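Participant: Residue numbers (the numbering used here): 1 to 85. Yeah, the Cβ is synthetic: ideal placement off N, Cα and C, and Gly gets one too. Predicted model only: the values in this text are computed from it and were never measured.
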């Protein structure tokens with residue numbers, strides 16, 4: 001009986017560990033999606049309001065996804081300095 005009980009406890013612990021990892025990855029992915037949406041909306045708004053001519057490229061997507069709005073600020077500063085991404 002004790003061997004069965006130990007194996008059942010290990011299975012339950014493994015299930016909780018997998019659920020915990022899935023939850024953490026889901027939170028990370030959701031945060032990246034929110035950063036991308038906010039970043040692209042802000043880039044679109046900056047282009048529409050100020051006519052900055054910021055492009056939507058893979059580099060801009062990665063910077064926006066990882067850093068969010070501060071990343072957009074860096075992209076704008078680089079654009080104003082004449083450095084295009």
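1. Buried or exposed, going by whether 16 or more other CB atoms sit within 10 Å of the CB of residue 15?
2. Return yes when the Cβ of residue 76 is within less than 8 Å of the Cβ of residue 52, no when it is not.
3. Please give the ranges of any alpha helix (DSSP H) in the segment 4–79, keeping only runs that are unbroken, at least 4 residues long and fully inside the region.
4. Leaving aside the five residues before and after residue 84 along the sequence, list all residues of the same chain whose C-beta is less than 6 Å from its C-beta, in chain order.
5. When you compare the segment 39–57 with the segment 15–25, are there three or more beta-carbon pairs, one atom per stretch, that lie closer than 8 Å?
6. For residue 62 and residue 13, what's the separation of their Cα atoms in angstroms?
7. By Cβ distance, which residues of its chain are closer than 7 Å to residue 68, with the 5 residues on each side in sequence left out?
Facilitator: Considering the structure as presented:
1. exposed
2. yes
3. 58–67
4. none
5. no
6. 36 Å
7. 35, 38, 39
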